[in-house]
Structure formats: C-alpha cells, structure tokens
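2 protein chains.
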Amino acid sequence: MIHSRVPVSDLREHVGRTVSVCGWVNTLRLQRHMQFVIVRDHTGMVQVTHKRDNGPLEAQFEALTPESAVKITGRVVDAAQVKLGGLEIVPEAVEVLNPAVTPLPIDEHTGLEQRMDWRFLDVRRRPATQLLFAVQTTLEQGMREYVYAQGATEMHTPKLMGTASESGAEVFEVGYFGRSAYLAQSPQFYKQMAIAAGIDKVFEIGPVFRAEPSFTSRHATEFTGVDVELAWIDGVEDVMAFEEQMLAHTIAKVADAHGEAIAEHFGVEVTVPTTPFPRVTMADAQEILRKGGWDPAGVKEDLDPEGERSISAHIEEATGHEFVFITHYPVGIRPFYHMRAADDSSVTLSFDLLWKGLEVTTGAQREHRYDVLLKQAAEKGMSPEPMQDYLNAFRYGCPPHGGLGMGLGRVLMVMLGLDSIRQASFLFRGPNRLTP
Amino acid sequence: MIHSRVPVSDLREHVGRTVSVCGWVNTLRLQRHMQFVIVRDHTGMVQVTHKRDNGPLEAQFEALTPESAVKITGRVVDAAQVKLGGLEIVPEAVEVLNPAVTPLPIDEHTGLEQRMDWRFLDVRRRPATQLLFAVQTTLEQGMREYVYAQGATEMHTPKLMGTASESGAEVFEVGYFGRSAYLAQSPQFYKQMAIAAGIDKVFEIGPVFRAEPSFTSRHATEFTGVDVELAWIDGVEDVMAFEEQMLAHTIAKVADAHGEAIAEHFGVEVTVPTTPFPRVTMADAQEILRKGGWDPAGVKEDLDPEGERSISAHIEEATGHEFVFITHYPVGIRPFYHMRAADDSSVTLSFDLLWKGLEVTTGAQREHRYDVLLKQAAEKGMSPEPMQDYLNAFRYGCPPHGGLGMGLGRVLMVMLGLDSIRQASFLFRGPNRLTP
C-alpha cells in the first residue's frame, strides 16, 4: 500500500506529524487568500487548508477538479474551529493520481436510474452506500459464524444446468458448445444432492438467476441468494428454528458493528429480534386478513404484497415482533418437492419468512421418499425424464431434510429501510438493465 | 434435528446410555448367529451388533440394503475387541428412513467419469471427499479472516454482462428478453468498478464461466474464483505481499484443522509456507528453463504446463519453497488492462503464482490512467465502444490499484495432491459435462 498513507479516521493519532492522505476531492473552496480542499477516503473526510503564496502548490490546488484521486502529504494540525474532526492538514505536496473530468455526470439531484448508470460514482460519493456494503459484509460474516458453529459445510453448486428442470418457465438459456444449458434459478436441486452426498448441513451464498420480466421494487433477474439445507431433521420446525437463530445472531452482530451508523445514515434502528419468531399458518393469516377486508372476492390462495404487509403489521401490533413465519402453504402454490403434512395433504410443510411486511425467505421440509416425490411431480404435470439425475438422489438413502433460500438484497433492503432492491445491489440486473 | 441423535464421533461420551445414530448402512455382515451392521455418518463409523433372536429386529436387519438411510436406537456398549472406536451399539429399534435400491450403480472399482454421474454416492461413500469439502470450507474461512482483518469488503458482482467485453472469445451467450447477455469470465471489470466506487479492498468468492473447449485435468467451464482487488497500491509488489500473507494464514489454518486427516486420507503433508514467497521474472525463468533444455525451438513466450512444473521444481530445489511468483510477463500474453513497467514497456507489472508446478493465481497492477488504457486497448485491436462503461470508471478519479484471481479448485487440487480438477469440485462442469 502507499506506505505513508493514513486513513482519515486515524489522523487524530498523527497530530503534529507529516503524513499522506489518499482519497478524492470532495469539495473545493478556493477563496481569495485561502484554498480549502475537503478530501474524502473510505473512512471519512478531512480539510486541507492552504494559504495562497503564489507557489506551485497554489497552482496545483487551483487546477484540482471534484472527485479527482489525490494523494496529499502534509502536517496534521489541531484546529478546534474545523468541523471535520477538529483538525486539518497543512499541505506540503499534492499528487493527482487520477484526474476527474468536469462536470461530473451525476450530482445530488440525479434520479435513481441515471445514478445507476454511474453507479461507481454514486457509491463513492455517498457514505450511506459505502456503509451498505460494510453491512452486507458483516451480515455474511454473522451468518457464516452461526452456520459454521453448527457444523455447516460451504458448498459451491453449479450455476450451469443441463436441463431447465426445476420449472421450465423463467429460466435463462445459454448456448453451450452447440447445445443449450440453463442458469440455475436457485441451488435447490444441487443442495439437496449435497444432502444425499452426506453433507450434514449445506451453506451457500451465490448468484441466482430469474428470467422474470418483473419490474417491481423487489425483483431482480440476478441476485445473491443465501441457501441452507439441513439433513436428518425431525420436521420443518427444525429449519425455522435454525433460521431464526441465525438471523438473531447475525442482526445482533450488525447492530453491534453498525447500529449507530445505520441510524445516522439511513434513519432506521436495527432491532435485534428475540427468538422464537411468531408463527402463523397460512389459513389463520388469511382469516385474520379477511376480517380486515383483504381480498374481498375471496379468491386469493397466496398472499400478495398488500397481504404480506398487513399480516406483518398485525403480528407486530399483537406481539411487537418484526418477523413472522407464515406456515403450511397450500399445495397448489408450492413446488412438487415440498413435503405435505401427514394429517392434511392439502398443505405443505413449508414457510415464508416476512420481515416488516416483505418476504425474505422461502423454506420447507423436502419430500425425500422417491415414490411420493414422483407422484407429486406427476400431479404438477412434470415429466420425470429431464430431472432423473435429481430424482436418482432419492433412490439410494437420502435422509429427511429441509432448508431455506434467502434473498440477501431483500434482507439489506428491510434492514436499512430502502425503497428498492436496486439500491441494495452494487450493480443491479433487471429485464431492462444489463449495464454497467 | 432428530432429537436424540448423537454423531458417531461423540458416542464414547454416551457409553451405557441409549442413543440414536443416524447414518447410512456402510456394510452388512449377516452371520448365522450374529448380525453386524456398520453405520456411517458424516463423523465416522460404528458397529451395530445384534444377536439373532427370531424377533422383528432380526427381520429388519435381514432386509437392510447398503447405503440405506437409517436411524438406529440402542445402547452404547464398551467393546474393546471392536476396531471402530472400541465400542458398539446394541440395537433396540431400527428405522429405515430411506431405503437404497440394490445394486448400487457404482462401487470401489468404478472409474472417475461414471463416479461423476453418481457424484452424490461417490462423495457420501468416500470419507476423503467429505474431508475435501471440509477443507474447502476452512480455506474460505481462513481467507476471509485474513481479508476482513485487512479491511476488505465482500462484494457480489454480476455474472450477467451486457457485452462480451473483456475478450470476445470463450464467453457464453445467454438469451435475455429478446437480446443477448454474456456470462462473466471473471469479476475483473466489476471489481475494478468497485475500486472506482471507493471500496478500499474488494473480496469476492463466486462462479466464473469459461467457454473454452479444454479437456485438460486443470480446466472447467464453470469454477469457483477467489478475487481480490486493492486500492491505492504503490505497485504490484503490494498485491503479491497481500496474497502470500493471505495464503500463509489460510494454509496454517487448514494444517491446524485438517493436517492429520489430510495426511491420512490423501497421503500428502500440508506445509505452511514461509513468507515472502520466492519471486522470479519471466525472463529469468525462461533462461533457467532453456538451460535445462526447455523449448529447444526457442519460440515460447509463455510457460506451458511443462515449463511451470520445471521452474517450480527448480525453485523448490534452490529455496525449499513450494510456491513461486513468476513476474513481469511480456505484454503480448497479458490483457490490455495490465499496467506496463515504466522502465520497460515490453513487460507488464503482473504475476502468476505457481504452487508445486500448477498456476493457481494470476494478478497484476491495473492500468488506471484513462489515456494509457485506451492506447493499450487499441494496440490489442479492441474497440472502446462495447466497454465504455468500464472505461468510464477511469475518467473520474480511479485510484491506482491491483489484484488477483485465484482458482479455488486448483488450490484444493494442489493442497490435496489430486490428479484432476474434477475431483476438487462437487459437480464438475466441462464441455462434455452438464450433469448431474
């Protein structure tokens, strides 16, 4: 690294010494007698104060442009009057490592879509966005701490599939040496194969692909999925218990590391959830919602976004809890591989987890009995041939298992109170967006 | 989880008690007076010993098939004569949670390709393969420990790109809502955009895709890449220093957690490398190799696999070190975005890292000066238009930076002494393999 470089957040320890700060020109105030440059790095901002003297430094400061990458060497001086940390740098040398063209293509008034075209500038100039990726890192760290402690193995399953097996629709097709491959919509089949392979607890964070022409604030064609699959479960309750413990651990870690900064930059408080999270069956949820006037036609099998928000609000009012597991989804709106309840074959042993009204996870116990699985696939009109590799995994001793898939962007979205999943990704991908 | 379940490795603590073991039927020995079942779970194997008594248990044992998933409840008994841990289980109940069809499609004599068709059975039945994924998990954990401590941010960059920009060849094309997208060959452009976005140190583990019709033991069409990119470097030496520290930390962690098991199952010793690793320029490496008779025609610009093995062997003999950085690759065999040496424009500030003769990493300082980058792209015959989004990142203050890309499978391959990258993946993908 640039050897004498000191991050802005550490400057206080260097008062009286000459150091280098590497960062970007945040603002320039070139006055008649004085030149002020605010330099920003990934840790904060500092004022560089130069008194005009007709020397070479003065000319260099005059030529600076906003967002240029600079290395400024100078003495750190205590300066109680300076708002930024009560110190300033008196410069001795300025090096422009990469000049920025003027004017910048975006400013504070630019709308979201155009800011996304210049995402690197948008992220760099907004400390809140920098914080978002720090929070994401801590989130993943927290989840890994928890799952590793439970004995999970981190797997990387293929994103290229030979057949569009899980569901023909909404799958991207890839040209593959004269034939077709398909992008995995989730690691579902492969993480179940890992269970059949004797991996006791599977964990994966990776991209998932959905060829859905959805333009909502919560959909993307590519997003980061967090997947867990657990062998030898007694029932779906084991999966829900695992998830709520994982989230409680992880959110506590985020609150500890970034709670204050999140409150400052996003205006939201990170509440560490208590466990267990509330649980409500789909049937009960619908009854509660219908009493409140939801779905007056009485035709909806699934919760729509309005239903999700309402039931979450209801549960939060009743229990004070931001999370709720909706359980026992009807067979008609769940995939063939979800296990059905032994005492009611019209419902699956599945759940969604809602957080403040948004679905962040889908999970289930999986059907591991080959004959039952075949029957359920047939009922959904699916042909066994294209998924024979998957089905074979259930013919040679596949243990009972279940798991969950979580959208990392959605978790960030709710945690930070963002309006759109676009803001929770570094480089968003949607039906109309493949760049930058 | 199945509530009374005890992992095999913990049975010693339960001698005298009744517990349940969940696992697979490893072997059956059904003798005239006695029935022995070896049950295997993810932690080890245990003998279940049943004396024939014409009861229902006897019939259940008689009907068992190898690899069936079973839950066996019984008393743990000290039995010094039993090789497996000096104990056995005297069964009280047997539950077949998922029976295995006989015969199994693979056995110990099956070749690699067919074992790959039944990878879940191959992995489940071979403790060495189970260990491989445990080692992979520890590897990633070790790398993350190191990079987080250095202040890295974990990023997830898109795998879907709007243009096949890095290099037109060897890119998979994806149908994308009536137009084409391309699968990222590496996070190269996006991790550099993250640097331009003010992320100080970028870390990503994720899939990369290569549409190369290569059938060697070291190539795959999809593999797991480990990517690092560092801002504000003084030079490529900073990148090499980062990598050697990261690897030394990580390999020490693997040696500590799995060294003995690796020696037992793979017959190789994990040596924790000292730092710094040896460095040799490409020019010097070629001179050394040519003295030994390599490339008698004198035409090779790059090292071929034989050259990589020979120079590694030479360095190991000279220094005792398993690793060697080959530096200063000629411009002709490096991409346009590698920075060139200020004092010799025919070489790049780049490196490969070889481990025991296999390339495991490529790295470089990147060219961050827009005009120089444009010129270098033009020299390689590349048109700027399709990569304008990437190039724009260098027009608004992109700091000096560099990074590396490492193949996780290759690291595992060398560490465990595997013959082929196929063995280092859970589900391998090659030109002829998209299943299971």
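Chains L and R supply the protein sequences, listed in that same order.
For the first sequence, my numbering gives the first residue as 1, with consecutive numbering after it.
For the second sequence, my numbering gives the first residue as 1001, with consecutive numbering after it.
For each residue, glycine too, the CB sits at the ideal point set by N, CA and C.
Please read these numbers as outputs of a predicted model, since none were measured by experiment.
Original post:
Would you report the Cα separation of Gly-85 of chain L and Asp-1343 of chain R, rounded to the nearest angstrom?
Top reply: 42 Å
Original post:
Is the stretch 1399-1417 of chain R close to the stretch 1355-1364 of chain R, with three or more CB pairs under 8 Å?
Top reply: yes
**OP:** Identify each residue in the stretch 376-402 of chain L for which the Cβ-Cβ distance to at least one residue of chain R is less than 8 Å, and report them in chain order.
**Re:** Asp-389, Tyr-390, Asn-392, Ala-393, Phe-394, Arg-395, Tyr-396, Gly-397, Cys-398, Pro-399, Pro-400
Original post:
With 9 Å set as the bound, which would you pick, yes or no: does the beta-carbon of Asp-200 of chain L sit closer than that to a beta-carbon of chain R?
Top reply: yes
**OP:** Report the rounded CA-to-CA distance for Glu-1067 of chain R versus Gln-114 of chain L, giving the unit in angstroms.
**Re:** 57 Å
Original post:
Straight-line CA distance for Val-1185 of chain R to Arg-1210 of chain R?
Top reply: Looking at the sequence itself, residue 1185 of chain R is Gln, so the reference to Val does not match. Taking the straight line joining both Cα atoms gives about 6 Å.
Subject >> Contiguous beta strand (DSSP E) assignments of at least 3 residues, all confined to the stretch 1023-1100 of chain R >> reply: 1034-1041, 1044-1051, 1069-1078, 1087-1098
Subject >> Val-1101 of chain R: contacting residues in chain L (beta-carbon distance under 8 Å) >> reply: Arg-395, Tyr-396
Original post:
Which one of L:Gln-141, L:Asn-54, L:Leu-57, L:Thr-49 has the shortest CA to CA distance from Ala-257 of chain L?
Top reply: L:Gln-141
Original post:
DSSP on Tyr-1370 of chain R, reduced to helix/strand/coil?
Top reply: helix
Original post:
Would the stretch 1421-1433 of chain R and the stretch 1250-1270 of chain R be scored as touching if the rule is three or more Cβ pairs under 8 Å?
Top reply: no
**OP:** Report the partner residues of Gln-1365 of chain R according to the DSSP bridge assignment.
**Re:** R:Gly-1402
Subject >> Enclosing alpha helix (DSSP H) for Thr-319 of chain L [first to last residue] >> reply: 305-319
Original post:
Thinking just about the alpha-carbon of each residue, which of R:Arg-1012, R:Pro-1436, R:Arg-1395, R:Ile-1089 is nearest to the one in Asp-389 of chain L?
Top reply: R:Pro-1436
Original post:
Can you list, in chain order, the residues of the stretch 1037-1070 of chain R whose Cβ is nearer than 7 Å to any Cβ on chain L?
Top reply: His-1042, Glu-1067, Ser-1068, Ala-1069
Subject >> Contact list for Leu-1097 of chain R against chain L, beta-carbon separation under 7 Å >> reply: Pro-399, Pro-400
Original post:
So, helix, strand or coil for Ile-262 of chain L, using DSSP?
Top reply: helix
Original post:
Would you report the Cα separation of Asp-78 of chain L and Val-19 of chain L, rounded to the nearest angstrom?
Top reply: 14 Å
Original post:
Under the rule that 16 or more other beta-carbon atoms within 10 Å means buried, what is Ser-383 of chain L, buried or exposed?
Top reply: exposed
**OP:** Output yes or no for whether 9 Å exceeds the beta carbon distance between Val-76 of chain L and Gln-47 of chain L.
**Re:** no
Subject >> Among R:Asn-1098, R:Ile-1288, R:Ala-1059, R:Leu-1230, nearest to Asp-371 of chain L - alpha-carbon criterion >> reply: R:Asn-1098
Original post:
What are the uninterrupted segments assigned as alpha helix (DSSP H) that are 4 or more residues long and contained completely in the stretch 384-431 of chain L, given in chain order?
Top reply: 388-392, 408-416
Original post:
If you compare alpha carbons, which of L:Arg-309, L:Ser-350, L:Lys-300 is closest to Asp-238 of chain L?
Top reply: L:Ser-350
Original post:
Hey, would you say the C-beta of Phe-1189 of chain R is under 8 Å away from at least one heavy atom of the ligand MG?
Top reply: The ligand MG is not among the ligands present in this structure, which contains no ligands whatsoever.
Original post:
Excluding sequence positions up to five away, which residues of its chain have a Cβ less than 7 Å from the Cβ of Cys-1022 of chain R?
Top reply: Ile-1002, Arg-1005, Asp-1041, Lys-1071
**OP:** Starting from the N-terminal side, write out each stretch of the beta strand (DSSP E) that is 3 residues or longer and does not extend beyond the stretch 234-306 of chain L.
**Re:** 279-281
**OP:** Could you give the DSSP three-state label for Tyr-1176 of chain R: helix, strand or coil?
**Re:** strand
Subject >> DSSP-derived helix/strand/coil call for Leu-1131 of chain R >> reply: helix
Subject >> Near-chain R residues of the stretch 82-94 of chain L - C-beta to any C-beta below 8 Å >> reply: none
Original post:
Does DSSP put Ser-9 of chain L in a helix, a strand or coil?
Top reply: helix
Original post:
My guess is that Leu-1247 of chain R and Pro-1273 of chain R are in contact by the Cβ rule of under 8 Å, so how many angstroms apart are they, rounded?
Top reply: 7 Å
Original post:
Residues bridged to Gly-225 of chain L by DSSP?
Top reply: L:Gly-206, L:Gly-407
Original post:
Between Glu-170 of chain L and chain R, is there a C-beta pair that is closer than 9 Å?
Top reply: no
Original post:
At least one CB of chain R closer than 9 Å to the CB of Met-282 of chain L: is that the case?
Top reply: no
Original post:
Hey, is His-156 of chain L's beta-carbon within less than 9 Å of any beta-carbon in chain R?
Top reply: yes
Original post:
Considering Val-1324 of chain R, what are the terminal residues of the beta strand (DSSP E) in which it resides?
Top reply: 1323-1327
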